[in-house]
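2 protein chains.
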Amino acid sequence: MSHDDDGLPARRRFLAGGAAAAAGALTGGLAPSRGRAAEAGPPDIPEWMKVPGADVGSQTYGTPSRFESGVIRNVPQRLKQYLSASSRTPLQDLDGIITPNGLFYERHHGGVPDIDPARHRLMIHGLVETPLILTMDDIRRFPSESHIHFLECSGNPGFEALNGRTASDLVGLVGCAEWTGVRLATVLREAGLKPEARWVVAEGADAAALTRSLPIEKCLDDALLVYSQNGERLRPQQGYPLRVLLPGFEGNMSVKWLRRLNVTAEPAYSREETAKYTDSMPDGTARQFTFVMEAKSIITRPSGTQRIAAGFNEITGIAWSGRGLIRAVEVSVDDGRTWQAAALQAPVLTRALTRFRLPWTWDGRPTVIMSRAIDETGYVQPSFAALTAVRGLKSFYHNNAIVPWRVAASGEVTNGYA
Amino acid sequence: MSHDDDGLPARRRFLAGGAAAAAGALTGGLAPSRGRAAEAGPPDIPEWMKVPGADVGSQTYGTPSRFESGVIRNVPQRLKQYLSASSRTPLQDLDGIITPNGLFYERHHGGVPDIDPARHRLMIHGLVETPLILTMDDIRRFPSESHIHFLECSGNPGFEALNGRTASDLVGLVGCAEWTGVRLATVLREAGLKPEARWVVAEGADAAALTRSLPIEKCLDDALLVYSQNGERLRPQQGYPLRVLLPGFEGNMSVKWLRRLNVTAEPAYSREETAKYTDSMPDGTARQFTFVMEAKSIITRPSGTQRIAAGFNEITGIAWSGRGLIRAVEVSVDDGRTWQAAALQAPVLTRALTRFRLPWTWDGRPTVIMSRAIDETGYVQPSFAALTAVRGLKSFYHNNAIVPWRVAASGEVTNGYA
Chain A
1 MSHDDDGLPA RRRFLAGGAA AAAGALTGGL APSRGRAAEA GPPDIPEWMK VPGADVGSQT
61 YGTPSRFESG VIRNVPQRLK QYLSASSRTP LQDLDGIITP NGLFYERHHG GVPDIDPARH
121 RLMIHGLVET PLILTMDDIR RFPSESHIHF LECSGNPGFE ALNGRTASDL VGLVGCAEWT
181 GVRLATVLRE AGLKPEARWV VAEGADAAAL TRSLPIEKCL DDALLVYSQN GERLRPQQGY
241 PLRVLLPGFE GNMSVKWLRR LNVTAEPAYS REETAKYTDS MPDGTARQFT FVMEAKSIIT
301 RPSGTQRIAA GFNEITGIAW SGRGLIRAVE VSVDDGRTWQ AAALQAPVLT RALTRFRLPW
361 TWDGRPTVIM SRAIDETGYV QPSFAALTAV RGLKSFYHNN AIVPWRVAAS GEVTNGYA
Chain B
1 MSHDDDGLPA RRRFLAGGAA AAAGALTGGL APSRGRAAEA GPPDIPEWMK VPGADVGSQT
61 YGTPSRFESG VIRNVPQRLK QYLSASSRTP LQDLDGIITP NGLFYERHHG GVPDIDPARH
121 RLMIHGLVET PLILTMDDIR RFPSESHIHF LECSGNPGFE ALNGRTASDL VGLVGCAEWT
181 GVRLATVLRE AGLKPEARWV VAEGADAAAL TRSLPIEKCL DDALLVYSQN GERLRPQQGY
241 PLRVLLPGFE GNMSVKWLRR LNVTAEPAYS REETAKYTDS MPDGTARQFT FVMEAKSIIT
301 RPSGTQRIAA GFNEITGIAW SGRGLIRAVE VSVDDGRTWQ AAALQAPVLT RALTRFRLPW
361 TWDGRPTVIM SRAIDETGYV QPSFAALTAV RGLKSFYHNN AIVPWRVAAS GEVTNGYA
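In order, the protein sequence lines correspond to chains A and B.
Positions 1 to 418 (full-length UniProt numbering) are the ones given, in order, by the first sequence.
Positions 1 to 418 (full-length UniProt numbering) are the ones given, in order, by the second sequence.
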């Protein structure tokens, strides 16, 4: 690629703040506070160059820099208990589409079990020709596959929870990883499905024995039994040593610590698909088995609690759809009056986070910015008003509304709902 | 996808061990030691279901299960010092193509500096119109990109180092991640290149002030200034807060802890491109500036120190090429006499690890298995004999020979070179 054909704006645009540059540039249009000329000579030799650094990794698993100690999962404060609770991915601090395992959101219903993989078993029974009990070694002998997919809690955020400060507060119950495991279809075929098989009831080996009914069509499509995430074995918080992954479906169905698959003709109507994880509608009825996570997006930079300067600012964020590929993301920098197509970072993968970006020169005046995702089915992410016009305000799950960020004259960014 | 059109072999093949299944199957062709029938009832409730598990992540960065404590970077034993040393990615324990940051290989020349990002500066000077000194905040204001690429040390392995036991011992100086940063071309354009600019001399802020000369063509092509790896900020071992990434080039050129880019007409002829990182040839001359990492592959499962059972075993591994896409990987299960095309896991990305797989039914007889990568230029990974016929044995760097694994009648897998 040559110097000229990369589609980027002309030289020396990015650090030239709007008003600041015109008034105070030292050289070449550079704002003095952001990039300075170096004629005065190189910076001092920092102290970290004057002494040897730390030894090569001393038989431990690596960790981030101490200067990043604030980048951790976002755990709600002052809960009555933390056994059935969640933590959120710090989306506003992350780049790209891969969520590192140490920062991937969690949701537990009976705490995180400490499972010895040598003693873990998966039982497959019910409407099968040959019931099976498999060890982890058995499961790792099957043909494997790896796929990059998002995973998202269906309550991300709940309809009442629009008062968060950060992107993580609002939609941090999502992450994206490269998952490796066995196609669930392969294991079900090993047992042999009987013709009347319609559901697979999955049970976790946690203290809640979390149970969900999985429709057979999904189990025979892209569903996986996963043992690795981002190269390494699943973390305990993600279901070590074995979980289901139903790409694009609400996260609760991707049962962790998987110990049992009971093949049935009817769903189990478990707690997690009756008392919970149903959608209360305005007319008093409830939608059940609303599996698919609809298209959603959020701007992660700039986002709540961040502060920007006038001039060039890249707008970037993530989009995803449980129905497949993201076709487009549109961004508004004028509170929804006009929309521009953002660039999508390749690779754009089905049921994975997709990173979008839009160059933006902020004029320093207060405004509201927001994004909306459009998926391959043509579905367009709705505004909160449009969503609640249909769904009402009794719902908790499956809120995929547009998230607006307010930008003040000071450059401070805050939640546009609040 | 239906039950039948997924291209997998017929039901109940995978757990049916060859000889073992014929002799001892309980039901449905299952080897008794690997998958057993469940008519006797479900397994006992394990103790981890009887008590609540651990609380949701308590304000810390997550870590792997204690049962995976042996999966760490592979650090050589009994070195005289560990400041200028390396650690290797545990390839045989990993799946997919993403290397988690906690396990990514390291190579340091003066230890790992502990850099405060607020005080870090990047100076760009030499043959530029406007010298610049940039803060990390400045760098993060430029337009960003994310790309999945491998990074590999050029001495992976050295020509003399073929006696390792594991895949990590042999070629563990490689990893693959999603990198986010700014195109180097964008930053150079901000400074303005003078017409005579031909090289960019990059200097690290470590105690070694590691210095390499980067050809301008690469700097204006796909080179990046990287601040994030797999979503989060670079680890200290990977150059926190800023490094160069030259996709496909030898790892040493992707200068870590980057503090200076000096644009020049000639290379610097630094230590790392004269005394080191040149290739001694049989005629006594040395090749210099051999930047590109040629196509390579290795089978990671089964691989050295692992043990397999007769019957179905998936062969899987990784392939990569500094010249672009992997077009094909061929696998031999008969010591190189015949070769079969392996399946490549999508997405296949340029200058990234590519996961390959081949189903294999092992008959229990001793053999040797190996893989060879073919890249989009048509280049075929050579045998060690073919490589040394050209390169001799005086070289240390750029050994991309085929790695054979010996499979004994016992199922034990060992280094086929040893």
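Just so you know, even glycine gets a beta-carbon here, dropped at the ideal spot from N, CA and C.
Query, Result
"Using the DSSP secondary-structure output, state which residues sit across from ARG287/B in a beta bridge.", "ASP279/B"
"Within 10 angstroms of its Cβ, does THR377/A collect 16 or more other Cβ (buried), or is it exposed?", "exposed"
"What separation, rounded to the nearest whole angstrom, lies between the Cα atoms of ALA31/B and TRP362/B?", "Confidence in ALA31/B is poor, its pLDDT being 36 and thus under 50, which makes the residue's placement unreliable; the coordinate value appears in the next sentence. In a straight line, the C-alpha of ALA31/B is about 15 Å away from that of TRP362/B."
"Let's see if you can read the secondary structure: which residues bound the beta strand (DSSP E) around GLU250/B?", "Unbroken run through GLU250/B: none, as it is neither H nor E."
"For a test of the three-state rule: what should DSSP assign to PRO148/B, helix, strand or coil?", "According to the sequence shown, residue 148/B is Ile rather than Pro. Strand at ILE148/B."
"Using a threshold of 7 Å, state whether the C-beta atoms of ARG391/B and GLN381/B are closer than that.", "no"
"Could you tell me which uninterrupted alpha helix (DSSP H) segments, each at least 4 residues in length, are contained entirely in the segment 189-226 of chain B, listed from first to last along the chain?", "216-219"
"Counting only beta-carbon separations shorter than 7 Å, does LEU83/B have a partner in chain A?", "yes"
"Using C-beta distances below 7 Å, list every residue in its chain close to SER254/B, excluding the 5 sequence neighbours before and after it, in chain order.", "LEU151, ARG243, VAL244, LEU245 and LEU246"
"Helix, strand or coil for PRO302/B, going by three-state DSSP, please let me know.", "coil"
"Count the other CB atoms within 10 Å of the CB of ILE45/B; is the residue buried (16 or more) or exposed (fewer)?", "exposed"
"Strictly under 7 Å for the Cβ-Cβ distance: is ALA52/A near chain B by that measure?", "Checking the sequence shown, residue 52/A turns out to be Pro, not Ala. True, the Cβ-Cβ gap to chain B drops below 7 Å."
"What is the DSSP secondary structure of ASN262/A, reduced to helix, strand or coil?", "strand"
"Which residues of chain B have a Cβ atom closer than 8 Å to the Cβ of VAL201/A, listed in chain order?", "Correct list: empty, because the minimum Cβ distance to chain B is about 13 Å."
"Looking at SER84/A: is its Cβ nearer than 7 Å to the Cβ of VAL75/A?", "no"
"Suppose contacts are defined by Cβ-Cβ distances below 7 Å. Is ARG307/B in contact with GLY411/B by that definition?", "yes"
"Given that residue 445/A touches chain B, what residues does it touch there, using C-beta distances under 7 Å?", "Residue 445/A falls outside the range modelled here, since chain A spans only 1 to 418, and no answer is possible."
"Contact criterion: CB-CB distance below 7 Å. Does PHE291/B meet it with respect to chain A?", "no"
"At 3 residues or longer, what runs of the beta strand (DSSP E) sit wholly inside the segment 60-116 of chain A?", "85-87 and 106-108"
"When you compare the CB of GLY251/A with every CB in chain B, is at least one pair closer than 7 Å?", "no"
"So TYR277/B and GLU250/B are supposed to be a Cβ contact under 8 Å. How far apart are they, rounded?", "7 Å"
"To the nearest angstrom, how far is the alpha carbon of PRO404/A from that of THR367/A?", "10 Å"
"Would you please verify whether the beta carbon of HIS108/B is less than 7 Å from any beta carbon of chain A?", "yes"
"Rounding to the nearest angstrom, what Cα-Cα distance links SER280/B and PHE291/B in this structure?", "15 Å"
"Strictly under 7 Å for the Cβ-Cβ distance: is residue 471/B near chain A by that measure?", "Chain B is shown from 1 up to 418; residue 471/B falls before or after that span and cannot be answered."
"Less than 6 Å between C-beta atoms, sequence neighbours within five positions excluded: which residues of the same chain meet that for VAL263/A?", "GLY126, LEU127, VAL128, ALA197 and VAL200"
"Under 7 Å between the Cβ atoms of LEU261/A and ALA205/A?", "no"
"The beta strand (DSSP E) spanning MET136/B covers which residue range?", "Here MET136/B belongs to no beta strand (DSSP E); instead the alpha helix (DSSP H) covers 136-141."
"Exposed or buried, what is PRO143/B when buried is set at 16 or more other beta-carbons lying within 10 Å of its beta-carbon?", "buried"
"Say whether chain B places a C-beta atom closer than 7 Å to the C-beta of ALA22/A.", "Any reading at ALA22/A must be qualified, since the residue scores a pLDDT of 29, below 50, and its modelled position is unreliable; the value itself is stated next. So no, ALA22/A is outside the interface."
"At the level of alpha carbons, what is the spacing between THR135/B and CYS153/A?", "37 Å"
"Cβ atoms of ALA167/A and ILE298/A: under 7 Å apart, would you say?", "yes"
"Verify the CB distance criterion: does GLN340/A have a CB-CB separation below 7 Å to chain B?", "no"
"Quick one, which of VAL187/B, ARG121/B and SER270/B has its alpha-carbon nearest ASN252/B's?", "SER270/B"
"Please determine, among ILE139/B, TRP48/B and PRO52/B, the residue with the shortest C-alpha to C-alpha distance to PHE14/A.", "ILE139/B"
"TYR61/A CB to nearest chain B CB: under 7 Å?", "yes"
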